[in-house]
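Residue numbers (UniProt numbering): 1 to 264.
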């Protein structure tokens, strides 16, 4: 992990290259994965109230920032990709009176300090981005500072237990006598050791992105060290077996969604 900081610039370059592709694929309402797996539980755990001030971390093309406004929130959103922010401002043009978009590197505490200009926040959210961030310590520390007492931070990531580096999907068939049963699952080779590795978030994206794998023990330890407690947790799975996505096993959750609470 000692050299992960050296990968930040490379990670940012790759997201700049992927920004327009991702904007096109995510569109106004995100893709099926986000609509069915991420958004329902994230919105439930966030429980937005009218006039909540919400920090949207690694906001991408801004479509969830816009959703937060539709739920009644006032939003400050940032990403370290300037192209992502440009796309977000275009997509959210009619909402810019309720969304402030900024270019900020979540690994850089000095850049994160800019967020203090917006005062305290009721809530913070990060959709499928923590595993893309080389060093989450500055981010967690700053979010803790920015939140009001009893403020919450909800984040989602690829499930580190089932989507670890070198994970493979497997298909098993069995002659059960009166039918052929097909079962799908995952084959894991490593988990406990943190590792940076390349991956494809959306098929045919221009370049692979960098993923930062952390076992749950390390991830949660970092959250606790920042001062948070966990008071919400979800492991959503797909409900419809339509084979229209790569996550076509239905007993194994592809993500975790965590709610952190600032108690004091």
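For each residue, glycine too, the CB sits at the ideal point set by N, CA and C. Owing to the predicted nature of the structure, the values given are computational and were not obtained by experimental measurement.
Environment of residue i [buried if 16+ CB atoms lie within 10 Å]
i: residue 156; result: buried
i: residue 134; result: buried
i: residue 213; result: buried
i: residue 107; result: buried
i: residue 158; result: buried
i: residue 223; result: buried
i: residue 9; result: exposed
i: residue 5; result: exposed
Residue range of the alpha helix (DSSP H) that includes residue i
i: residue 140; result: 137 to 146
i: residue 56; result: Run containing residue 56: none in the alpha helix (DSSP H); it sits in the beta strand (DSSP E), 53 to 57.
i: residue 102; result: Careful: residue 102 lies outside any alpha helix (DSSP H), inside the beta strand (DSSP E) at 99 to 103.
i: residue 87; result: 82 to 91
i: residue 40; result: 39 to 46
i: residue 7; result: Here residue 7 belongs to no alpha helix (DSSP H), and DSSP marks it neither H nor E.
The beta strand (DSSP E) enclosing residue i, as first and last residue numbers
i: residue 209; result: 209 to 213
i: residue 267; result: Within the shown structure, residues of the chain are numbered from 1 to 264, placing residue 267 beyond reach of any answer.
i: residue 256; result: 255 to 261
i: residue 69; result: No beta strand (DSSP E) holds residue 69; the alpha helix (DSSP H) holding it covers 63 to 70.
i: residue 229; result: 229 to 234
CA-to-CA distance, residue j to residue i, given in whole angstroms
i: residue 49; j: residue 99; result: 16 Å
i: residue 177; j: residue 171; result: 19 Å
i: residue 215; j: residue 93; result: 39 Å
i: residue 76; j: residue 175; result: 55 Å
i: residue 209; j: residue 29; result: 22 Å
i: residue 160; j: residue 255; result: 8 Å
i: residue 131; j: residue 58; result: 11 Å
i: residue 207; j: residue 179; result: 42 Å
i: residue 185; j: residue 47; result: 33 Å
i: residue 36; j: residue 202; result: 16 Å
i: residue 33; j: residue 19; result: 18 Å
Top-ranked residue by Cα proximity to residue i, from the options
i: residue 199; options: 181, 43, 166, 231; result: 166
i: residue 26; options: 57, 61, 52; result: 61
i: residue 126; options: 83, 90, 68; result: 68
i: residue 260; options: 128, 143, 91, 109; result: 143
i: residue 73; options: 55, 173, 252; result: 55
i: residue 153; options: 20, 97, 52; result: 52
i: residue 233; options: 253, 218, 227, 226; result: 253
i: residue 195; options: 219, 149, 201, 101; result: 219
i: residue 268; options: 250, 90, 147; result: Past the edges of the chain, shown from 1 to 264, lies residue 268, and the structure says nothing about it.
i: residue 263; options: 238, 79, 257, 228; result: 228
i: residue 91; options: 23, 205, 102; result: 23
Neighbour flag for residue i against chain D, beta carbons, 8 Å
i: residue 15; result: The structure shown contains no chain D; it holds only a single protein chain.
What are the uninterrupted segments assigned as beta strand (DSSP E) that are 3 or more residues long and contained completely in the region 118 to 203, given in chain order?
The region 118 to 203 is shown to contain whole beta strand (DSSP E) runs of 3 or more residues at 121 to 127, 147 to 158, 168 to 175, 180 to 187, 195 to 199, in chain order.
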